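Those sequence lines, one after another, are chains A and B.
Taken in order, the first sequence gives residues 1 to 152; the numbers are from the working numbering.
Taken in order, the second sequence gives residues 153 to 972; the numbers are from the working numbering.
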Amino acid sequence: MRFLLLFSRQGKLRLQKWFTSMSDREKKKIIRDMTTMVLARQARSCNFLQWKDLKIIYKRYASLYFCLAVESQENELLALEIIHRYVELLDKYFGNVCELDIIFNFEKAYFILDEFLMGGEIQETSKQIVNRSIEASDIPRYLKLAFTINNC
Amino acid sequence: MPAPIRLRELIRTIRTARTQAEEREMIQKECAAIRSSFREEDNTYRCRNVAKLLYMHMLGYPAHFGQLECLKLIASQKFTDKRIGYLGAMLLLDERQDVHLLMTNCIKNDLNHSTQYVQGLALCTLGCMGSSEMCRDLAGEVEKLLKTSNSYLRKKAALCAVHVIRKVPELMEMFLPATKNLLSEKNHGVLHTSVVLLTEMCERSPDMLAHFRKLVPQLVRILKNLIMSGYSPEHDVSGISDPFLQVRILRLLRILGKGDDDSSEAMNDILAQVATNTETSKNVGNAILYETVLTIMDIKSESGLRVLAINILGRFLLNNDKNIRYVALTSLLKTVQTDHNAVQRHRSTIVDCLKDLDVSIKRRAMELSFALVNGNNIRGMMKELLYFLDSCDPEFKADCASGVFLAAEKYAPSKRWHIDTIMRVLTTAGSYVRDDSVPNLIQLITNSVEMHAYTVQRLYKALLDDISQQPLVQVASWCIGEYGDLLVSGQCEEEEPIQVTEDEVLDVLEGLLVSNLSTPVTRGYALTAIMKLSTRFTSVNRIKKVVSIYGSSIDVELQQRAVEYNALFKKYDHMRPALLERMPIMEKTASNGPTEIVQTNGETEPSVVEAKHPPPVTQPTNQANDLLDLLGGNDVVPVIQNTVSTKPASAGGELLDLLGDLSLSGGTSPAPAPSVPTSQPSFFLDGLTSQPLFNDIAAAGIPPMTAYNKNGLKIDFTFERANPNPNIAVITIHASNSTEADMTDFVFQAAVPKTFQLQLLSPSSNVVPALNQGTVTQVIRVLNPQKQQLRMRIKLTYTHKGSAVQDLAEVNNFPPQSWQ
């Protein structure tokens, strides 16, 4: 995977995850290109696009577009599943997740993403394990305990 | 200083901004506050400030002044600080900034932290944006963690190792020992990341690939367990157990089985099992099937399995889900080369996809359709494709038109069908065809001699309907210029001839000249066509009038042409018939795609012919006779065709210069240097009309001579004079071999003094057969404007009885008639 973008129907960026190193200018250009291309798509089109040498898989969930770019040898249908899994994880954590949740808690969205994907690959295929890790790292009590034990 | 506002507070405030300017103001204010807070080295609120900065960064505002603060956060002892610090590092820093190296030490410490979540953060950051230097420094730590029993850390370490290998491939060896028991893990997360790591290693190194082939049985077993095992709530997705892992294993199997018989055999069963047992009602199942098909096609699978795979793709094509149809078309496109027949079976479904509403699907279906066209299905396919061309979006028309032309060229069942197809494309998608299709079409039409009348009639009718599509108009006006006489005389065998008068034709052409829809290029075509009709029609006065009017046209190109044509009427009327004759059949160069031919009738810029094979020098005499017949029909002095190779009517190209100085067009013949026997493009027509024509017309009487006779190789020169230019001598060399062995790789080269110009056409062959069984002939044209004594130095190279022979000789015994 090369990058994952979340943006609203008006083209406002809500999350950006880059799996390769790129300059700021390149990133801005890609964001512009993606939002233009995806927002221009008609309602009942298929979810795949070709852009330069990458395959773009996008899916709309309520008011948010999830846009994933993968290399040519990757499986597009599975990419749709990856997007869906991420949405499920967000949903479990926030409880009926909506765009506002992601706007106001963007750092949490990143944390969840970082427990699910790393370096462009899936790191955990079990929903429960990802959720448990996030919840555990949220609880300050546990962490404080962990710290104090170690510092003794 | 009051406490900096909370992150959520800031977000709420910024969202109330009604204009971009208002938002910018708020952001600037907050940035200033954050900057002063940073300056105060405030530990308590640093985390909050950086978080706010990250939000503003996402909105598109600069946030680089927070980079160092991220580093400070990473170094903090608080987990919440570290978390935001690492996130900031991943968003704001990358390997381009030198600052990022300062992270290395922090990450190293955190990799050894006692809390797994901190270790996890460090691994994640390293695995996402670690630069090569960082990776080199920390690879050892990652390797250590790869061997831990903590599955949470192990899976992250595996992906981090993948990143390290991507950045620093030389470090791959280091991770080899740790991979030993990766696959015996029960934890799916570790299993998945291990498979990713193994895949990465196998893709990068053939040695690793060979080493890991032994894992195939184990992978097959894991996959089997996944399929056969019952419901597992932890990994279930719509009834399928851990599809992500299944797909990843299939991909690794693909890499391991490629090109290897044993591995491929070991996985045959499991692939068949997956292919037949997977639930296809949801996207998940289809994702697995898709990956299975890709694997089957790539490895050395048995034919039954391959047929199964293509049938799965065929079923995909009928699926309601657009995504699945798209994926099927893409995969079929990949396999059409190797399994052509199997894909052909699904041709009708593919052709139906042309009518799909989805743009991506239409495009794939179009590409695949063109790949499936062959001699058997050309008529049916072309019908569908032309229908598609009619109704498709403009973005497809150019590609579709080119595809149709290519397919028609390769598989046309008859000339008439070919021309009809082209007409159809021109009339429906005429404005979208590529620029090079006009010359290609013109060449095609010229070469279909028996169809001239039919073609010009159809083109004329098309012009009457619509003059807006420039390529159509250009081809049509060219044809009318060439074959206008056939049009007016009403001799058409293929269809009902139409009654057209000369005036009507001229009306149409003049209409093109004045129309606003015509581009300058089209106007050029029209004017030249009108001019050509002056030798084919009787109403010459009208043509003279038109030509003289355009002598004062604003368009420089048009003006120049008109002036030259005018001159043709006035001073050079005796040459006019010769110049405006019918075009001969044009030689077609090897086409792997668009061919390029020389525009020898003054239209547009001449494209240089890339002679991939030199055009044959000797044309059969009967063809020369055909040409003569045409000449005879036009009541014209049999003049060498090559005088018609008019220079492009471009700036500086004086039409009249040509007759005086044939050899200088394009300056392609390197004069004194020996020319290699691949012919120069500008004398394109000469290649066709060399010997036989000269033989018929030649001013005979120059005796032949022997130029060289040594070691059994004899080279005779015979002469013709190129009429009407007395300055050009045409010499044909005849090389014969009286020894018992053939002379192969025979190359004849010649050089002349500076005042001469030389052109060598291609030889008839480069093997001089033994015992005088045949000769190699080659034509040399020498231009001798100063009528000096002809001298030549020749160089011969050939292979004789296994050894290479080379010889130089002077030829001084030219008969005086050859150069006087």
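Here a beta-carbon is modelled for each residue, glycine too, at the ideal position from N, C-alpha and C.
Given the structure is predicted, the values throughout are model-derived calculations rather than measurements.
Contact with chain A by residue i, beta-carbon distance below 8 Å
| i | result |
| --- | --- |
| L174(B) | The identity of residue 174(B) in the sequence shown is Glu, whereas the question assumes Leu. Closer than 8 Å: no. |
| L162(B) | no |
| V426(B) | no |
| C354(B) | no |
| L311(B) | yes |
| G279(B) | yes |
| Y442(B) | yes |
| D262(B) | no |
| L397(B) | yes |
| N475(B) | yes |
| H340(B) | yes |
| H252(B) | no |
Buried/exposed call for residue i, threshold 16 Cβ in 10 Å
| i | result |
| --- | --- |
| I163(B) | buried |
| P844(B) | With a pLDDT of only 38 at P844(B), under the threshold of 50, the placement of this residue in the model should not be trusted; the figure read from the coordinates follows. Per the 10 Å Cβ criterion, buried. |
| K723(B) | exposed |
| F217(B) | exposed |
| K52(A) | exposed |
| H344(B) | buried |
| P156(B) | buried |
| P736(B) | buried |
| P358(B) | exposed |
| E325(B) | exposed |
| E645(B) | exposed |
| Q958(B) | exposed |
| Y584(B) | buried |
| E193(B) | exposed |
DSSP bridge partner residues for residue i (one or two, in chain order)
| i | result |
| --- | --- |
| I129(A) | Answer is none; I129(A) lacks a bridge partner. |
| R981(B) | Nothing about residue 981(B) can be reported from this structure: the residues present for chain B run from 153 to 972 only. |
| R403(B) | DSSP output for R403(B) lists no bridge partner at all. |
| M895(B) | V920(B) and H952(B) |
| K59(A) | F66(A) |
| L49(A) | I56(A) |
| D491(B) | DSSP output for D491(B) lists no bridge partner at all. |
| H886(B) | D868(B) and T929(B) |
| D388(B) | S393(B) |
| S8(A) | L64(A) |
| R945(B) | A903(B) and E962(B) |
Residue-level contact to chain B via CB, residue i, 8 Å cutoff
| i | result |
| --- | --- |
| F48(A) | yes |
| E71(A) | no |
| T125(A) | yes |
| I129(A) | yes |
| E121(A) | yes |
| D114(A) | yes |
| S21(A) | yes |
| Q153(A) | Chain A is shown from 1 up to 152; residue 153(A) falls before or after that span and cannot be answered. |
| M118(A) | yes |
| Y110(A) | yes |
| S63(A) | no |
Q: Ignoring anything shorter than 4 residues or poking outside the region 618-653 of chain B, list the alpha helix (DSSP H) runs there in chain order.
A: Taken in chain order, the complete alpha helix (DSSP H) segments of 4 or more residues contained in the region 618-653 of chain B are 622-641.
Q: For the region 22-32 of chain A and the region 123-130 of chain A, state whether three or more C-beta atom pairs, one from each stretch, are separated by less than 8 Å.
A: no
Q. How do the region 601-609 of chain B and the region 623-641 of chain B stand: do at least 3 beta-carbon pairs fall below 8 Å, yes or no?
A. yes
Q | Segments of 3+ residues assigned as beta strand (DSSP E) that fall wholly inside the region 354-384 of chain B | A | DSSP runs (the beta strand (DSSP E)) wholly in the region 354-384 of chain B: none.
Q.
Extract the residue ranges of the alpha helix (DSSP H) inside the region 94-139 of chain A, only unbroken runs of 4 or more that lie entirely within it.
A. Every unbroken stretch of the alpha helix (DSSP H) spanning 4 or more residues and falling wholly within the region 94-139 of chain A is given here in chain order: 99-104, 106-116 and 127-138.
Q) Between the region 367-381 of chain B and the region 165-179 of chain B, do at least 3 Cβ pairs fall closer than 8 Å? A) no
Q. Just checking, does the region 439-453 of chain B make contact with the region 463-482 of chain B on the three C-beta pairs under 8 Å criterion?
A. Because the criterion of three Cβ pairs below 8 Å is met, the region 439-453 of chain B and the region 463-482 of chain B touch.
Q. Would you call the region 418-436 of chain B and the region 91-108 of chain A in contact, with 3 or more CB pairs under 8 Å?
A. no
Q) Touch check for the region 188-205 of chain B and the region 227-238 of chain B: three-plus C-beta pairs under 8 Å? A) yes
Q) Looking at C-beta atoms only, is the number of pairs between the region 941-960 of chain B and the region 893-901 of chain B that lie closer than 8 Å three or more? A) yes
Q) Should the region 276-286 of chain B be regarded as contacting the region 114-122 of chain A, the criterion being three or more beta carbon pairs within less than 8 Å? A) yes
Q: Determine, using beta-carbon pairs with one atom in the region 881-899 of chain B and one in the region 926-933 of chain B, whether at least three such pairs fall under 8 Å.
A: The region 881-899 of chain B vs the region 926-933 of chain B: in contact.
**Q.** Contained alpha helix (DSSP H) runs [length at least 4] in the region 571-621 of chain B, N- to C-terminal order
**A.** 589-599 and 604-617
Q: Kindly provide the ranges of any alpha helix (DSSP H) runs that are 4 or more residues long and lie completely inside the region 446-512 of chain B, ordered along the chain.
A: Assignment of alpha helix (DSSP H) within the region 446-512 of chain B, counting only whole runs of 4 or more residues, yields 455-469, 474-487, 492-496 and 499-505 in chain order.
Q: Could you say if the region 83-102 of chain A and the region 509-521 of chain B meet the contact criterion of at least three C-beta pairs nearer than 8 Å?
A: no
Q: For the region 31-50 of chain A and the region 393-411 of chain B, state whether three or more C-beta atom pairs, one from each stretch, are separated by less than 8 Å.
A: no
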